[in-house]
Amino acid sequence: MTSLQPRAGRRCHHSVNPLHSTLYFSPDFTEQLAGIGIDDAAAAYFAGRGAAMGAVGPGTIAATFYNFNPELIARHVPAVWETAAPQKVLDARLRAADATLRRLLGEEAVASDAMAEAAGLALRAAEACTRHARPLYSAHADLPVPDRPHLAFWHAATLLREHRGDGHLAVLLAAGLDPLEALVSH
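With the sequence shown counted from 1, adding 1378 to any position gets you the numbering used here.
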């Protein structure tokens, strides 16, 4: 077994997480979700990250997102699924990822051989992750890998981000931190 260098996980997180997370704060995401009837930012975020799990209830979103107020989540979930089914949300999210990456990275980078190589390497890393006790990772791993390299790279970044995030849940529980304590100590 290959041993990792110290802090390799943190370095990976700092490289990969922004690629995934930028989407939820982009005007493209706001526009795409509004286009399917979701114009509230909190509802869009909960739906955007949670849609891979299907039309789950507020308890599942609260459990997997951990440090969000369950009352806030319940104001938006499950009502958001009545506005747009999870597959419509996933389709809108992918269109938003396409637009965001093209706008931020440029057409040349999106179409480059380096992007295709990065996508392949990131997918290889994501495929090595275990699914056990990793609900958000597992739900996203069940989704098809997009054909276009920049979207495959974003998908892989999503997998790696959610795998790491799911792992945090186990650590937070083991440390005895409730959601509010986790938020304050982050």
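No residue lacks a Cβ here, since even glycine has one placed at the ideal position from N, Cα and C.
So the candidates are Gly1415, Pro1524, Arg1509 and Leu1558; which of them puts its Cα closest to the Cα of Thr1461? Residue numbering aside, residue 1461 sits at position 83 when the sequence shown is read from its first letter. Minimum Cα distance to Thr1461 is reached at Gly1415.
Are the Cβ atoms of His1392 and Thr1536 separated by less than 8 Å? In the sequence shown, residue 1392 corresponds to position 14, counting from 1. In the sequence shown, residue 1536 corresponds to position 158, counting from 1. No; because the gap between Cβ atoms is not below 8 Å, this pair is not in contact.
6 Å Cβ shell around Pro1513 - same chain, five flanking residues per side excluded: Here residue 1513 is taken as the residue at index 135 of the sequence shown, counted from 1. Within the same chain, Cβ atoms closer than 6 Å to the Cβ of Pro1513 are found at Thr1442, the five residues on either side in sequence being excluded.
Is the Cβ-Cβ distance between His1528 and Val1488 less than 8 Å? Here residue 1528 refers to the residue found at position 150 when the sequence shown is read from its first residue. Here residue 1488 refers to the residue found at position 110 when the sequence shown is read from its first residue. Yes, the pair counts as a contact, with Cβ atoms nearer than the cut-off.
Determine the burial state of Ser1563: buried for a count of at least 16 other Cβ atoms within 10 Å of its Cβ, exposed for fewer. Here residue 1563 refers to the residue found at position 185 of the sequence shown. With fewer than 16 Cβ atoms within 10 Å of its Cβ, Ser1563 is classed as exposed.
Mind the definition here: the region 1432-1446 touches the region 1401-1416 only if three or more C-beta pairs lie below 8 Å; say whether that holds. No, because fewer than three Cβ pairs between the region 1432-1446 and the region 1401-1416 fall closer than 8 Å, the two stretches do not touch.
What's the gap between the Cα of His1541 and the Cα of Tyr1515? For this step, residue 1541 is matched to residue 163 along the sequence shown. For this step, residue 1515 is matched to residue 137 along the sequence shown. Straight-line measurement puts the Cα of Tyr1515 at about 5 Å from the Cα of His1541.
Alpha carbon to alpha carbon, how far is Leu1411 from Ala1552? Give it in angstroms, no decimals. Stepping through the sequence shown from its first residue, residue 1552 is reached at position 174. Stepping through the sequence shown from its first residue, residue 1411 is reached at position 33. Our two residues, Ala1552 and Leu1411, have alpha carbons roughly 36 Å apart in a direct line.
How many angstroms separate the CA atom of Ala1503 from the CA atom of Gly1426? Along the sequence shown, one-based indexing puts residue 1503 at 125. Along the sequence shown, one-based indexing puts residue 1426 at 48. One Cα belongs to Ala1503, the other to Gly1426, and the distance between them is close to 23 Å.
Are there 16 or more other CB atoms within 10 angstroms of the CB of Arg1371, so buried, or fewer, so exposed? The question about residue 1371 has no answer, for the chain in this structure spans 1379 to 1564.
Close-in-space but distant-in-sequence residues of the same chain around Pro1396 (CB under 8 Å, 5 per side omitted): To locate residue 1396, count along the sequence shown from 1; it is residue 18. Closer than 8 Å at Cβ, skipping near neighbours: no residue.
Can the beta-carbon of Ala1496 be found less than 8 Å from the beta-carbon of Phe1531? As a position in the sequence shown, residue 1496 is number 118, starting the count at 1. As a position in the sequence shown, residue 1531 is number 153, starting the count at 1. Cβ distance < 8 Å, so Ala1496 and Phe1531 count as in contact.
Which residues mark the beginning and the end of the alpha helix (DSSP H) in which Phe1403 is found? To locate residue 1403, count along the sequence shown from 1; it is residue 25. Where Phe1403 is concerned, there is no enclosing alpha helix (DSSP H), given that its DSSP letter is neither H nor E.
According to the Cβ coordinates, are Ala1534 and Ala1500 closer than 8 Å? Indexing the sequence shown from 1 puts residue 1534 at position 156. Indexing the sequence shown from 1 puts residue 1500 at position 122. Going by C-beta atoms, Ala1534 is nearer than 8 Å to Ala1500.
If you draw a straight line from the alpha carbon of Leu1635 to that of Ala1474, how long is it in whole angstroms? Nothing about residue 1635 can be read from this structure; the chain reaches only from 1379 to 1564.
Please identify the residue among Leu1538, Asn1447, Gly1428 and Glu1485 whose C-alpha is closest to the C-alpha of Leu1558. Numbered from 1 along the sequence shown, position 180 holds the residue referred to as residue 1558. Relative to Leu1558, the option among Leu1538, Asn1447, Gly1428 and Glu1485 whose CA is nearest is Asn1447.
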